[in-house]
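S.K.:
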Amino acid sequence: MAMTRWWRLLLPLLVLVAWAGGCGPAQARQRDAGTDCMSDGLRGSTVSATLRLEQHKRSTPRLTSDMTVRVPRQWPHARHLTFGEKSPQYRQAMRCLLLGDEAPGARNEWRAHHPVVTATDAAVTVRYVAYNWITSENPVLVGPWQVIPTGRTWMIYLWPPTLQTVRWERIEVDLGGLNFNDLVEHASLSTENHLVWKNKLPEEVQVEVDPPWQRLLPMRLGQSLWATAGIASWWLCASILIAVAALRAEPAEAATGPGAARRPASAEEARRPTADAPDSGSGQDVSFTRTLLEWAGLSAGVALALLLFVPQGRFSPRSHALLCIPAGVALVLAARPWILGASRTPAGTGPDAPARPADSRHRQALAVTATTCAVAGTGLLVILAHDVFGLPAGLGAKTTTAFGRFGLALLGLVTVWLWLAAMAAWAWRFVREGGLLQGRRWTRCWDDDPVRCVAVVGSLLAAVAVALLACAWWVNERRWKRVNWLVEQPDPAAHNAALSQMFANFFYTDLRWLFAYSWVLTGIALLALLRFRSRPPGAAGRRRHERFPLGPSKPDLLLTVSLFAFFVGVRAARFAGAGALYGIWLGLNILALYALLALGRRWSVLSRLGESFRRRRLAGEQDRSELLERARQYRNANHQMHLLDQGHADGVTCEQLEEKLNEQHQWVVTAYEGDDPPEHISVLDVALAWGPEGHWWSNAVRAARLAFWFGTPATALLVYYEAQDSYARQQALYSPIGLPEFIADLVLYQLGWAVAGFTLGALWRLLPGHRSQARAWLLTAAYGFPAVLAAALIHFMDTDPRQLLLYAALLLAILTLTSVWMDLATFRRERKYWPSGFALLLSIHQLRGLSVGITWILAQLVAIVTIFTSLTH
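If you want our numbering, it's the position in the sequence shown, counting the first as 1, plus 61.
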């Protein structure tokens with residue numbers, strides 16, 4: 062039934078895709094426009110052209126061509142240039158003027174708008190502005206210019222398809238300060254930045270340019286083994302990191318954490334036999350550890366296989382499909398989503414009370430295996446029965462029929478679906494075993510009706526695969542219309558070839574994109590392991606010991622800082638354009654956070670008070686309630702002291718208030734073991750340093766939620782800025798994975814803010830600082846240390862570091878706001894006594910402290926606005 066539902070949904074979509082692919086232009090071939098151009102009438106034209114090379118502060122050099130042609134009215138097509146832009150006569154005339162006999166589709170330059178046409182009684186003037194980017198060593202055509210960026214020098218030629226025999230009135234090249242050499246030496250004027258020719262033939266314009274090494278290096282590295290080695294190092298570091306974190310798991314320590322305060326067991330609990338509390342945690346820890354080690358090995362192995370055995374230069378749809386389809390099946394079955402997995406709660410107790418019967422696991426395994434094998438068999442059927450679809454054995458046909466494109470689309474969808482299913486299966490395994498799911502709704506559905514679950518999830522994954530294919534097809538059509546904008550009836554064979562290439566390349570490009578983002582699964586695995594180890598061993602263990610850890614244990618600290626490095630810290634490398642150095646950035650961010658924690662062990666509020674204080678004053682929930690009550694009394698006494706200084710106190714003396722304040726201070730000091738108790742730490746400082754929740758995990762989850770919502774405007778701001786960049790905008794609209802990449806960026810920005818908040822909450826009690834804003838600033842500083850190195854690299858590579866500064870400023874603002882709301886949550890029980898949250902915040906920080914905090918936040922907002930304004934202008 063699952064397969065029937067799946068195919069009922071997918072087959073109409075495939076038929077629609079094949080129909081859309083078959084609906085090309087009219088089947089009549091275009092006429093050769095060159096035979097009707099009557100180019101002799103253009104000899105009296107007046108032409109001027111400008112080429113501008115922009116490379117300073119740009120990671121991708123941009124070429125802009127500005128050509129103006131004044132055509133005499135005697136040319137038969139001159140009046141057609143004034144017609145509507147969609148009329149056949151206009152397209153014919155404009156093609157004759159700009160392209161001549163050149164084959165349509167040969168140029169992939171970009172246009173901000175259609176040529177601007179103005180007409181007089183004697184002539185028609187056409188101004189055509191085009192631009193393009195230098196992304197590789199392949200020749201670049203833009204307007205009448207050709208740039209060949211090969212080797213250590215770039216060659217610039219004026220090579221127009223038309224008007225070669227006309228002397229051009231003015232020719233100008235603006236090289237932006239680069240060294241150049243006029244090879245023909247016919248330039249009329251030469252300055253540091255410009256070359257100008259007057260009344261010259263196009264063949265007399267030949268310029269040799271010496272580009273800076275900062276522009277040559279990225280192009281060469283992108284086509285060398287260094288880029289592959291950098292990507293491999295990233296996956297290798299991620300796999301090693303998760304393997305080390307899994308092997309360092311110590312259940313006993315993880316449950317308590319460093320500095321955990323534990324109440325002594327009661328006499329009744331002490332007499333209770335240890336056998337009364339069955340503990341299956343050891344075997345379950347081994348199970349989850351094995352799962353993580355399997356993922357670490359598989360992810361590293363698949364990454365190396367894709368890098369070594371799938372060379373991009375020798376693409377073969379058949380060989381790639383024969384490699385990727387079995388690999389997808391193996392990844393799904395290796396995930397084994399039907400496995401019971403680990404659980405801190407023994408079977409038959411707690412919320413997971415009903416143990417799963419063996420037949421339920423058998424039905425789950427059968428449903429997953431049957432669906433996966435059936436889908437894979439469909440893809441293999443296309444390969445084996447390629448003749449039925451009219452495809453060659455290699456599947457790389459230059460032109461195909463509608464049914465052939467249907468076969469290629471089916472093969473691509475099958476391959477992408479298998480890899481999506483593998484990612485979903487591993488994500489489910491991590492989430493389920495780590496205990497990230499709240500409640501039993503999803504697991505109960507999976508246990509009771511696995512066939513239905515497989516049908517629903519399979520349909521959703523099929524919809525995602527079809528959406529990816531639709532994006533690729535839509536982009537291909539947009540690109541086809543862009544390069545053939547002057548052709549009334551494009552060649553159907555050429556359009557067929559473009560469609561066939563798109564369908565043949567679909568699964569390859571999208572699979573590489575999917576696997577590039579599968580590192581998110583490593584992040585989910587780290588979070589699941591952190592959650593798994595932060596939970597108590599079972600209900601009996603929770604009753605026997607009330608434990609409030611100061612923070613994550615040593616192994617859990619590695620998980621926490623690794624999450625921050627994965628989702629937040631590596632952004633610095635992305636902005637620096639140093640993807641090949643991801644592994645290095647990952648290590649730098651981890652070291653920076655460990656350095657911050659080393660500072661926190663010495664200077665944080667709770668660390669300075671010592672273990673004895675935490676054991677005597679913060680052992681359980683009752684102690685925490687007392688702490689909050691004393692913090693409230695401390696704030697009230699301070700407020701009354703302020704009123705007394707202003708002469709507004711009623712019925713209270715200064716001595717009484719000083720006695721109250723001294724009482725709260727003695728409550729802190731008497732629990733301190735040592736000769737020199739810290740005098741400047743108040744009970745309010747202790748309450749704020751402890752945070753709103755009892756367990757550090759709860760603090761982390763609360764902070765993550767706050768940071769997620771505070772980060773939404775920041776994400777919108779970053780996405781808006783990126784949309785202003787013409788290169789990024791064109792990549793999003795004209796790349797096969799442009800729209801999926803845009804959506805992935807949105808999701809990853811939000812995940813980055815949430816993980817930053819999670820890290821702030823998890824390390825809340827370990828970070829130095831009396832006030833919460835100081836903790837936010839120090840965590841941002843930990844991000845800033847590698848970011849400073851990234852900014853130095855950006856400056857060294859002559860690109861713009863301001864986007865990195867904008868991200869850091871937004872991160873600081875989000876964490877600062879999160880810390881303020883964490884303070885409000887700490888005293889949330891008092892919210893009903895205050896008219897507003899601002900009044901409660903004022904009572905917490907007092908007027909002076911709140912004024913400083915508001916000034917600090919406003920300064921951050923001013924910095925953000927300043928950086929953003931400089932970026933957009």
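Beta carbons are placed, not taken as given, at the ideal position from N, Cα and C, and that holds for glycine.
In chain order, what residues of the same chain have a beta carbon less than 6 Å from the beta carbon of GLY389, not counting five sequence neighbours either side?
M.R.: Taken in chain order, the residues that qualify are LEU479, TRP480, ALA483.
S.K.: Tell me whether LEU236 sits in a helix, a strand or coil according to DSSP, three-state version.
M.R.: LEU236: coil per DSSP, three-state reduction.
S.K.: Straight-line CA distance for GLY320 to ARG490?
M.R.: Bear in mind that a pLDDT of 45 at GLY320, under 50, signals an unreliable position, so the model cannot answer this.
S.K.: Using a threshold of 8 Å, state whether the C-beta atoms of PHE568 and VAL443 are closer than that.
M.R.: Cβ atoms of PHE568 and VAL443: not closer than 8 Å.
S.K.: Give me the DSSP bridge partner(s) of PHE241.
M.R.: Answer is VAL270, bridged to PHE241.
S.K.: Excluding sequence positions up to five away, which residues of its chain have a Cβ less than 8 Å from the Cβ of THR933?
M.R.: Cβ within range, chain order: TYR782, GLN785.
S.K.: Using three-state DSSP, classify LYS147 as helix, strand or coil.
M.R.: Note: LYS147 maps to coil in three-state DSSP.
S.K.: Name the residue from GLU146, GLY465, VAL305, ARG596 whose alpha carbon lies nearest to the alpha carbon of LEU619.
M.R.: That would be VAL305, whose Cα lies nearest to the Cα of LEU619.
S.K.: In whole angstroms, what separates the C-alpha of THR196 from that of PRO272?
M.R.: Their backbone Cα atoms lie some 14 Å apart in a straight line.
S.K.: Name the residue from ALA396, LEU383, THR462 whose alpha carbon lies nearest to the alpha carbon of GLY438.
M.R.: Per the Cα distances, LEU383.
S.K.: Considering only the beta carbon of each residue, do PHE936 and GLU754 sit closer than 8 Å?
M.R.: With the chain running from 62 to 934 in the structure shown, residue 936 is simply not present.
S.K.: With a Cβ-Cβ cutoff of 8 Å, do ALA990 and PRO511 count as a contact?
M.R.: This structure does not reach residue 990, given that the chain is present from 62 up to 934, and the question cannot be answered.
S.K.: So, are the CB atoms of PRO205 and SER126 less than 8 Å apart?
M.R.: Yes, Cβ-Cβ distance for PRO205 and SER126 is below 8 Å.
S.K.: Verify whether the separation of the beta carbon atoms of GLY772 and ILE875 is less than 8 Å.
M.R.: Contact flag set, yes.
S.K.: Which stretch, first to last residue, makes up the beta strand (DSSP E) that contains GLN707?
M.R.: Neither: GLN707 is in no beta strand (DSSP E) and is coded neither H nor E.
S.K.: Flag this pair as yes or no: are the beta carbons of VAL234 and LEU124 separated by less than 8 Å?
M.R.: No, these two residues do not count as a Cβ contact at 8 Å.
S.K.: What residues in its chain sit with their C-beta under 8 Å from that of ALA454, if we drop five residues either side in the sequence?
M.R.: Only ARG379, HIS447 meet the Cβ criterion.
S.K.: Mind checking who ALA938 pairs with in its DSSP beta bridge?
M.R.: Given that the chain is displayed from residue 62 to residue 934, the structure contains no residue 938 and the question cannot be resolved.
S.K.: Run the CB neighbour count on ARG604, radius 10 Å, all protein chains shown included, and call it buried at 16 or more, exposed below.
M.R.: Below a pLDDT of 50, predicted positions are generally treated as unreliable, and ARG604, at 41, falls in that range; the measurement from the model is reported next regardless. Looking at its Cβ environment, which holds fewer than 16 other Cβ atoms inside 10 Å, ARG604 is exposed.
S.K.: Between ILE232 and VAL266, which are expected to be in contact by the criterion C-beta below 8 Å, what is the C-beta distance as a whole number of angstroms?
M.R.: So it is a contact: roughly 6 Å between Cβ atoms.
S.K.: Which first and last residues belong to the alpha helix (DSSP H) in which ASN650 is found?
M.R.: Start and end: 643-664.
S.K.: Just to confirm the assignment, what range does the alpha helix (DSSP H) spanning ARG505 have?
M.R.: Element bounds for ARG505: 502-509.
S.K.: Keeping to the same chain, check which residues put their C-beta closer than 7 Å to that of ALA789; ignore five residues upstream and five downstream.
M.R.: Once the five neighbours on either side are set aside, the close Cβ partners of ALA789 are GLU783.
S.K.: Taking the C-alpha atoms as reference points, what is the distance between ILE905 and LYS721?
M.R.: Each residue's alpha carbon lies about 17 Å from the other.
S.K.: Excluding five sequence neighbours on each side, which residues of the same chain lie with their C-beta closer than 7 Å to the C-beta of TRP399?
M.R.: These residues qualify, in order along the chain: ARG422, GLN425, ALA426, VAL429.
S.K.: Please classify ARG540: does DSSP put it in a helix, a strand, or coil?
M.R.: In the structure shown, ARG540 sits in a helix (DSSP, three-state: H, G or I).
S.K.: Check whether the Cβ atoms of PHE628 and VAL816 sit closer than 8 Å, and answer yes or no.
M.R.: Yes, these two residues count as a Cβ contact at 8 Å.
S.K.: How many angstroms separate the CA atom of ARG890 from the CA atom of ALA900?
M.R.: If you take the alpha carbons of ARG890 and ALA900, they lie about 14 Å apart.
S.K.: Rounded to whole angstroms, what's the CA-CA distance from GLU719 to GLN707? Just pull it up for me.
M.R.: If you take the alpha carbons of GLU719 and GLN707, they lie about 16 Å apart.
S.K.: How long is the line joining the alpha carbons of ALA531 and TRP220, rounded to whole angstroms?
M.R.: So the alpha carbons of these two residues sit roughly 37 Å apart.
S.K.: Between which residues of its own chain and ARG172 is the CB-CB distance below 6 Å, once the five residues before and five after are set aside?
M.R.: Taken in chain order, the residues that qualify are ALA191.
S.K.: Give the secondary structure of THR570 by DSSP, where H, G and I count as helix, E and B as strand, and everything else as coil.
M.R.: In the structure shown, THR570 sits in a helix (DSSP, three-state: H, G or I).
S.K.: Let me check understanding here. Comparing Cα to Cα, which of THR877, GLY830, ALA391 lies closest to LEU767?
M.R.: Checking every option, the nearest Cα to that of LEU767 belongs to THR877.
S.K.: So, under 8 Å CB-CB, ASP243 and LEU256 are touching, yes? Tell me the CB distance rounded to an integer number of Å.
M.R.: So it is a contact: roughly 6 Å between Cβ atoms.
S.K.: At which residues does the beta strand (DSSP E) containing VAL201 begin and terminate?
M.R.: Per DSSP, VAL201 belongs to the beta strand (DSSP E) from 201-203.
S.K.: State the DSSP-derived secondary structure class of THR352, mapped to helix, strand or coil.
M.R.: Correct three-state label for THR352: helix.
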